[in-house]
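Trainee: The structure's right below; bear with me while I get my questions together.
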Amino acid sequence: MIYPAPWHTIGRHALLPAAQHDEMARFDMVAHLNAHVAQRLAPKVREAYESRVLNAWRMRQGHEPADRHEVAAAMKQDPAYRAFSLVRRNTMEIRQHAGRTLVAREAERLRAVAQAATEGAATLRLDPKLNLPRYVTAVDTHLMQGGYTAERIPADVSNAANYDAGMYATIGGSGGPWNDAAGRALVAWLKRHHPRFSPQCIVDLGCGLGHNTLPLREVFPDAAIIAVDVAAPMLRYGHARARARGFDDVQFLQADATATPLADSSADLVFTTMVLHETSRQALPKIFAEAHRLLRAGGLTLHLEQPPYRGLSAFEQFMRDWDGRFNNEPFWSALHETDCAALLAKSGFGSANVFESRCTAPPAGQSADGDEQQEDFGRAPAWYAVGAWQAAKGIAADG
Amino acid sequence: MDSMEMNHSLPFDADPIQPAAAAATGRRPDSPQFTDDPMLDRLYGVTLALITELAVTRTRLDTVEKLLARRELVAGEEIEGFTPDDSEAAARSRLQAEYLDRVLRSLD
Ligand SMILES: C[S@@+](CC[C@H](N)C(=O)[O-])C[C@H]1O[C@@H](n2cnc3c(N)ncnc32)[C@H](O)[C@@H]1O
Chain F
1065 MIYPAPWHTI GRHALLPAAQ HDEMARFDMV AHLNAHVAQR LAPKVREAYE SRVLNAWRMR
1125 QGHEPADRHE VAAAMKQDPA YRAFSLVRRN TMEIRQHAGR TLVAREAERL RAVAQAATEG
1185 AATLRLDPKL NLPRYVTAVD THLMQGGYTA ERIPADVSNA ANYDAGMYAT IGGSGGPWND
1245 AAGRALVAWL KRHHPRFSPQ CIVDLGCGLG HNTLPLREVF PDAAIIAVDV AAPMLRYGHA
1305 RARARGFDDV QFLQADATAT PLADSSADLV FTTMVLHETS RQALPKIFAE AHRLLRAGGL
1365 TLHLEQPPYR GLSAFEQFMR DWDGRFNNEP FWSALHETDC AALLAKSGFG SANVFESRCT
1425 APPAGQSADG DEQQEDFGRA PAWYAVGAWQ AAKGIAADG
Chain C
687 MDSMEMNHSL PFDADPIQPA AAAATGRRPD SPQFTDDPML DRLYGVTLAL ITELAVTRTR
747 LDTVEKLLAR RELVAGEEIE GFTPDDSEAA ARSRLQAEYL DRVLRSLD
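Those protein sequence lines, which keep their order, are chains F and C. Residue numbering for the first sequence follows the working numbering, starting at 1065 and increasing by one per position. Residue numbering for the second sequence follows the working numbering, starting at 687 and increasing by one per position.
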């Protein structure tokens, strides 16, 4: 059994809600419940599938479940799957409720801290007139009440604070003290595969709190970095958090990633981390097209996500689809069935310039250009990466 | 309902996730049903919250006992014989009521 990191090991900064004893203990239990789900209950589900459900299905249907939908039909009544789902779903609800009651107490204080950090700073640009996409405002993504854009008080940062504090519990600290494993993985990938790539302008689309934006600042100290999100509360918090950590020159911009106000051919690196699975089918190709518009020749777009379903067994697909079914992630399933490489090719990059890869975060605390091959005992968070290089515009557009 | 309107009038302690769906089904918003009986799903909800809160309490107790022992302040027998005074008792009642709000949230 691998134990999750206790909540008190989270990186401290001025915006972090000040959790009291029981609030911390509650987060610790959320992390333990999730560890139990992953390490004790999930293997039981596989066992149930392989030892009884699969056979029963074969007897009734005369063939193996053909896809994840048939696995779902076969597993629906299975007690191991039901127990797994009940505990997992309730843990997410407990986690959200724990975060919500914590930030309810802290909302006004944190708003004041965020406001003080914004005073006189040109690095936060909000656009109160921005038309927020309905697929963002209407969805309580991963059971987060009100979603990313909700404001319970004017200039609210409370959902953002809940996201920051609660994510550490949800992933049991596996992202490191700053919840930034994806950003560190991206940097490690760049250093390993393209050590001479030195972007002058970096754009992070759907930056959220900027967790995964800041590791880029550490390795590209001279680049302009623009972190873009539609959600003002996320940007207020993320901006203040960055400053509290001494990152004074990362720009936070409220804009829709499908149509930013940034100039054509102005960026060398346009990336996303864990954003594509939270965008609608309509928005996804537009985000890729926007990346294409923003990139200069020689520039790179890179997107980190959980791997697509293609190539995985029907059972594995079914297990990975849990969030799409039960964790209010309405775009999860569609994204994992989408061929993002093909979509990038069609978005102007051309198939010759598109690639798929994998990336892994070096253990937290190690320098980002540390050796990726290091033994990690399976703990290192890992992602699927899909990306494309920008050829000189007009040349690569072979679809 | 207009989603913007919903977002901006969202109280901290309301649970609704998708109010329209909740009204239609009479169940807690967006709660999937994993067992054959909705009451059983609720019972799991209560039980898991209870498990969490019991662990929280034990952790707190462990903190207190460790602190007391570190300072050689309180021995085990004193804890067994403890009676709260009136204001302590009132504060304890409030804690106990809030505790129930938390663990019985699934039944709201
Ligand atoms: C799961 S969070 C990921 C945040 C961040 N990239 C990270 O790795 O921590 C997804 C973010 O995407 C943002 N988002 C979704 N659709 C967007 C869009 N069309 N334009 C800009 N941001 C968007 C949401 O507001 C949210 O903050």
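Even for Gly, the Cβ is constructed at its ideal location relative to N, Cα and C.
1. Rounding to the nearest angstrom, what Cα-Cα distance links Gln1141(F) and Tyr1113(F) in this structure?
2. CB of Gly1270(F) to nearest heavy atom of ligand 1: below 8 Å?
3. Just to confirm, are Leu1359(F) and Ala1331(F) a CB contact at a threshold of 9 Å?
4. Taking Cβ positions only, does Ala783(C) come closer than 9 Å to chain F?
5. Would you report the Cα separation of Ala1178(F) and Arg1300(F), rounded to the nearest angstrom?
6. Helix, strand or coil: how does DSSP classify Ala1069(F) here?
7. Residues bridged to Phe1335(F) by DSSP?
8. With a cut-off of 8 Å, do at least 3 Cβ pairs link the segment 1213–1228 of chain F to the segment 1373–1387 of chain F?
9. Would you say the beta carbon of Val1294(F) is closer than 8 Å to some non-hydrogen atom of ligand 3?
10. Answer with buried or exposed for Glu1170(F), where buried requires no fewer than 16 other C-beta atoms within 10 angstroms of its C-beta.
11. Give me the DSSP bridge partner(s) of Tyr1448(F).
12. Pull up the distance between the alpha-carbon of Arg1116(F) and that of Ala1137(F), whole angstroms please.
13. Looking at C-alpha atoms only, which residue of Ala1089(F), Ala1069(F), Trp1396(F) and Asp1293(F) is the closest neighbour of Leu1464(F)?
14. Tell whether a beta-carbon distance below 9 Å holds between Tyr1199(F) and Phe1382(F).
15. Can you pull the chain F residues whose beta carbon is under 9 Å from the beta carbon of Pro718(C), in chain order?
16. Where do the N-terminal and C-terminal ends of the beta strand (DSSP E) with Val1314(F) fall, by residue?
17. Against Ala1089(F), what residues of chain C qualify as contacts under a CB-to-CB distance less than 8 Å, listed in chain order?
18. Closest to Ala735(C) by C-alpha separation, out of His1161(F), Gly1414(F), Thr1234(F) and Asp1228(F), would be which residue?
19. Given Trp1453(F), which residues of its chain have a CB within under 6 Å of its CB, disregarding the five upstream and five downstream residues?
20. Indicate the three-state DSSP secondary structure (helix, strand or coil) for Ala1287(F) in the structure shown.
21. In chain F, which residues lie with their C-beta within 8 Å of the C-beta of Ala735(C)?
22. If you check the beta carbons only, do Cys1404(F) and Leu1348(F) fall under 9 Å apart?
23. By the criterion of Cβ-Cβ separation under 8 Å, what are the contact partners of Arg1146(F) in chain C?
24. Using a Cβ-Cβ cutoff of 8 Å, what residues of the segment 1203–1216 of chain F are near chain C? List them in chain order.
25. Based on the DSSP output, what are the partners of Asp1293(F) in its beta bridges?
26. Since Ala1323(F) sits in a beta bridge, which residues does DSSP pair it with?
27. What is the DSSP secondary structure of Arg1189(F), reduced to helix, strand or coil?
28. Do the CB positions of Ala1229(F) and Ile1074(F) come within less than 9 Å of each other?
29. What do you reckon, is the C-beta of Glu1183(F) under 8 Å from a heavy atom of ligand 1?
30. Less than 8 Å between the CB atoms is what I'm expecting for Asp727(C) and Thr721(C), so what's the real figure, rounded?
31. Any Cβ of chain C within less than 9 Å of the Cβ of Met1093(F)?
32. Can a CB atom of chain F be found closer than 9 Å to the CB of Asp727(C)?
33. Less than 9 Å separating the beta-carbons of Pro1445(F) and Ala1233(F)?
34. Below 8 Å on the Cβ atoms is my contact criterion, and I expect Leu1097(F) with Val1167(F) to pass it. Report the Cβ-Cβ distance as a whole number of Å.
35. Please classify Arg1360(F): does DSSP put it in a helix, a strand, or coil?
Mentor: This is what the structure holds:
1. Here residue 1141(F) refers to the residue found at position 77 of the first sequence. Here residue 1113(F) refers to the residue found at position 49 of the first sequence. Looking at the backbone, the Cα of Gln1141(F) and that of Tyr1113(F) are separated by about 11 Å.
2. On the first sequence, position 206 is the one that residue 1270(F) refers to. Yes, since a heavy atom of ligand 1 falls inside the 8 Å radius drawn around the Cβ of Gly1270(F).
3. Here residue 1359(F) is taken as the residue at index 295 of the first sequence, counted from 1. Here residue 1331(F) is taken as the residue at index 267 of the first sequence, counted from 1. Cβ distance < 9 Å, so Leu1359(F) and Ala1331(F) count as in contact.
4. As a first step, residue 783(C) is located in the second sequence; it is residue number 97 there, counting from the start. No, because no Cβ of chain F sits closer than 9 Å to the Cβ of Ala783(C).
5. Here residue 1178(F) is taken as the residue at index 114 of the first sequence, counted from 1. Here residue 1300(F) is taken as the residue at index 236 of the first sequence, counted from 1. In a straight line, the C-alpha of Ala1178(F) is about 6 Å away from that of Arg1300(F).
6. Stepping through the first sequence from its first residue, residue 1069(F) is reached at position 5. In the structure shown, Ala1069(F) sits in coil (DSSP, three-state: anything other than H, G, I, E or B).
7. In the first sequence, the residue the question calls residue 1335(F) occupies position 271. DSSP lists Asp1268(F) and Leu1366(F) as partners of Phe1335(F).
8. A contact between stretches requires three or more CB pairs, one per stretch, nearer than 8 Å, and the segment 1213–1228 of chain F fails this requirement with the segment 1373–1387 of chain F.
9. No copy of ligand 3 occurs in the structure displayed; its ligands are ligand 1 alone.
10. Counting from 1 along the first sequence, the entry for residue 1170(F) is found at position 106. Glu1170(F) should be labelled buried.
11. As a working note, residue 1448(F) is residue 384 in the first sequence. The beta-bridge partner set that DSSP reports for Tyr1448(F) consists of Glu1369(F) and Arg1422(F).
12. Within the first sequence, residue 1116(F) is the residue found at index 52, counting from 1. Within the first sequence, residue 1137(F) is the residue found at index 73, counting from 1. Taking the straight line joining both Cα atoms gives about 14 Å.
13. Since the displayed chain F opens at 1065 and closes at 1463, residue 1464(F) lies outside it and no answer follows.
14. Counted from its first residue, the first sequence places residue 1199(F) at position 135. Counted from its first residue, the first sequence places residue 1382(F) at position 318. Not a contact, by the Cβ cut-off of 9 Å.
15. On the second sequence, position 32 is the one that residue 718(C) refers to. Within chain F, the residues Ser1149, Arg1153, Arg1389 and Phe1390 have their CB atoms less than 9 Å from the CB of Pro718(C), given in chain order.
16. The count along the first sequence starts at 1 and reaches residue 1314(F) at position 250. Membership of Val1314(F) in the beta strand (DSSP E) is indicated by the continuous run Val1314 to Gln1318.
17. Counting from one through the first sequence, the residue named residue 1089(F) turns up at place 25. Ala1089(F) reaches chain C at Ala741, Val742, Thr745 and Arg746, counting residues in chain order whose Cβ is nearer than 8 Å.
18. Position 49 of the second sequence, counting from 1, holds the residue named residue 735(C). Nearest option by C-alpha distance: His1161(F).
19. The sequence position of residue 1453(F) within the first sequence is 389, counting from 1. Non-local C-beta neighbours of Trp1453(F) in its own chain, meaning closer than 6 Å and more than five positions away in sequence, comprise Leu1364 and Asn1417, ordered along the chain.
20. As a first step, residue 1287(F) is located in the first sequence; it is residue number 223 there, counting from the start. Three-state result, Ala1287(F): coil.
21. The count along the second sequence starts at 1 and reaches residue 735(C) at position 49. Simply Asn1154 and Ile1158.
22. Along the first sequence, one-based indexing puts residue 1404(F) at 340. Along the first sequence, one-based indexing puts residue 1348(F) at 284. In this structure, Cys1404(F) sits near Leu1348(F), with a CB-CB distance shorter than 9 Å.
23. Mapped onto the first sequence, residue 1146(F) falls at position 82. Scanning chain C for C-beta atoms nearer than 8 Å to the C-beta of Arg1146(F) yields Phe720 and Thr721, reported in chain order.
24. Listed by position, the residues of the segment 1203–1216 of chain F near chain C (Cβ gap below 8 Å) are Asp1204, Leu1207, Gln1209, Gly1210, Gly1211, Thr1213, Ala1214, Glu1215 and Arg1216.
25. Position 229 of the first sequence, counted from the start, is the residue given in the question as residue 1293(F). Residue pairing for Asp1293(F): DSSP places it in a beta bridge opposite Gln1318(F).
26. Start at 1 with the first residue of the first sequence, and residue 1323(F) comes out as number 259. Asp1320(F).
27. Indexing the first sequence from 1 puts residue 1189(F) at position 125. DSSP places Arg1189(F) within a strand segment (E or B) once states are collapsed to three.
28. Along the first sequence, read from residue 1 onward, the residue named residue 1229(F) stands at position 165. Along the first sequence, read from residue 1 onward, the residue named residue 1074(F) stands at position 10. Cβ atoms of Ala1229(F) and Ile1074(F): closer than 9 Å.
29. For the purposes of this step, residue 1183(F) is taken as residue 119 along the first sequence, with counting starting at 1. Incorrect: Glu1183(F) has no Cβ contact closer than 8 Å to ligand 1.
30. By 1-based counting over the second sequence, the position of residue 727(C) is 41. By 1-based counting over the second sequence, the position of residue 721(C) is 35. The beta carbons of Asp727(C) and Thr721(C) sit about 5 Å from each other, so the pair counts as a contact at 8 Å.
31. The residue given as residue 1093(F) occupies position 29 in the first sequence. Yes, because at least one Cβ of chain C sits closer than 9 Å to the Cβ of Met1093(F).
32. Locating residue 727(C) in the second sequence gives position 41, counting from the first residue. Asp727(C) counts as touching chain F.
33. The residue given as residue 1445(F) occupies position 381 in the first sequence. The residue given as residue 1233(F) occupies position 169 in the first sequence. No; because the gap between Cβ atoms is not below 9 Å, this pair is not in contact.
34. Position 33 of the first sequence, counting from 1, holds the residue named residue 1097(F). Position 103 of the first sequence, counting from 1, holds the residue named residue 1167(F). Rounded to the nearest angstrom, the Cβ distance from Leu1097(F) to Val1167(F) is 20 Å, too far for a contact under 8 Å.
35. The residue you call residue 1360(F) lines up with position 296 of the first sequence. In this structure, Arg1360(F) counts as strand in the three-state DSSP scheme.
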